[in-house]
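Data first, discussion second: the structure below is written as structure tokens.
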Amino acid sequence: KAGVTQTPRYLIKTRGQQVTLSCSPISGHRSVSWYQQTPGQGLQFLFEYFSETQRNKGNFPGRFSGRQFSNSRSEMNVSTLELGDSALYLCASSGGSTGEQYFGPGTRLTVT
Amino acid sequence: AQTVTQSQPEMSVQEAETVTLSCTYDTSENNYYLFWYKQPPSRQMILVIRQEAYKQQNATENRFSVNFQKAAKSFSLKISDSQLGDTAMYFCLYRGNTGTASKLTFGTGTRLQVTL
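So the protein lines, in turn, are chains W and U.
First residue of the first sequence? That's 22 in the numbering used here, and the numbers climb one at a time after it.
First residue of the second sequence? That's 14 in the numbering used here, and the numbers climb one at a time after it.
Quick look at the structure:
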């Protein structure tokens, strides 16, 4: 099976802009989770989607939003970008009852 | 809220030796899952091993094994016969029952360096 794919891999945006990141899960997986990884805050959970519904949400402001489509692909949107949003954004899909996460390669977002 | 603590920011081990990485967590849930992930310099997160809380038997995957102490809320990772390719950041991940609105929580990570 193909692994989790994320597009784009690298992105440079300016403060105030918005950005949309995409994640395609492993075929058959219905759960997609998003994480932000920064040197200062480590790995932080953003949200999890399952069958097009947000099942869990981390402690991030409303500028961070997401959605999941009927084919399980997911998008994450960040509006009004701030310098502190510069990070590696990881997406993971899950398909089993144990909830183990299979990660994509990440999208490196730089906000200038 | 669940918290996951990895008290060793950095560790070093010689090739072929054994090293143990610690992870403790705090939860009020009875059913949950614990994982160790490895993140090499490529930044790709790789699942190393998983443990279901309802299983008393410690999980083992080749050179990797865990010491799961549910009462103590401890989940340590033992790497035997360390190899240079084991050099990476290691993260402990807590996940509550997948049927509940339980957040996924990572520890802060341990940077492991395997030396010759």
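Even glycine gets a Cβ: it sits at the ideal position worked out from N, Cα and C.
What you are looking at is a predicted structure, and each value in this text was computed from that prediction instead of being measured.
Item to check | DSSP beta-bridge partners of C105 of chain U | outcome: In the DSSP assignment, the residues bridged to C105 of chain U are U:W49.
Assuming K78 of chain W is part of the beta strand (DSSP E), what are its boundary residues? 74–78
State the Cα-Cα distance for the pair G49 of chain W and L106 of chain U, rounded to the nearest angstrom.
23 Å
When DSSP builds the beta bridges, which residues end up paired with A113 of chain W? W:S54, W:F124
Proximal chain U residues relative to S179 of chain W, where beta-carbon distance stays under 7 Å: No answer is possible for residue 179 of chain W: the residues shown for chain W start at 22 and end at 133.
Can you confirm whether E121 of chain W, when its beta carbon is compared against all beta carbons of chain U, has any partner nearer than 8 Å? For E121 of chain W, the nearest CB of chain U lies under 8 Å from its own CB, placing it at the interface with that chain.
inquiry  = For the stretch 57–82 of chain U, list every residue whose C-beta sits within 9 Å of some C-beta in chain W, in sequence order.
reply    = Hits within the stretch, in order: Q57, M58, I59, L60, R63, E65.
Determine, for T128 of chain U, whether the minimum Cβ-Cβ distance to residues of chain W falls below 8 Å. no
Worksheet item: Considering K68 of chain U, what are the terminal residues of the beta strand (DSSP E) in which it resides?
Response: No beta strand (DSSP E) holds K68 of chain U; DSSP gives it neither H nor E.
query = DSSP three-state call for D39 of chain U: helix, strand or coil?
reply = strand
At what residues does the beta strand (DSSP E) containing V127 of chain U begin and finish?
-> 123–128
message: Against chain U, does E96 of chain W count as a neighbour if the rule is that its beta carbon must be under 8 Å from one of theirs?
response: Among the CB atoms of chain U, none fall inside 8 Å of the CB of E96 of chain W.
- Task: Measure how close the beta-carbons of C36 of chain U and V17 of chain U come, nearest whole angstrom, since I'm counting them as under 8 Å.
- Result: 7 Å
TODO: Indicate whether Y38 of chain U and A66 of chain U have their beta-carbon atoms separated by less than 8 Å.
DONE: no
Pair every Cβ in the stretch 110–125 of chain W with every Cβ in the stretch 18–30 of chain U, then say whether three or more of these pairs are closer than 8 Å.
Counting Cβ pairs under 8 Å, fewer than three are found: no touch.
TODO: Give the DSSP-derived three-state secondary structure of G63 of chain W in the structure shown.
DONE: Note: G63 of chain W maps to strand in three-state DSSP.
request  = Identify, in the order they occur along the chain, each residue of the same chain with its Cβ nearer than 6 Å to the Cβ of F81 of chain U, setting aside the five sequence neighbours on each side.
outcome  = Q64, N71, F88
Discussion item. Against chain W, with Cβ distances strictly below 8 Å, would F88 of chain U count as a contact?
Written reply: False, the Cβ-Cβ gap to chain W never drops below 8 Å.
Using a Cβ-Cβ cut-off of less than 9 Å, give me the residues of the stretch 54–83 of chain W that come near chain U, in sequence order. S54, Y56, Q58, G63, L64, Q65, F66, E69, F71, R76, N77, K78, G79, N80
Is it right to say N77 of chain W is buried, meaning 16 or more other beta carbons lie within 10 angstroms of its own, or is it exposed? Burial is judged here by how many other beta carbons sit within 10 angstroms of a residue's own beta carbon; N77 of chain W has at least 16 and is buried.
Is F66 of chain W buried or exposed, if buried means 16 or more other CB atoms sit within 10 Å of its CB?
-> Buried, because 16 or more other Cβ atoms sit within 10 Å of the Cβ of F66 of chain W.
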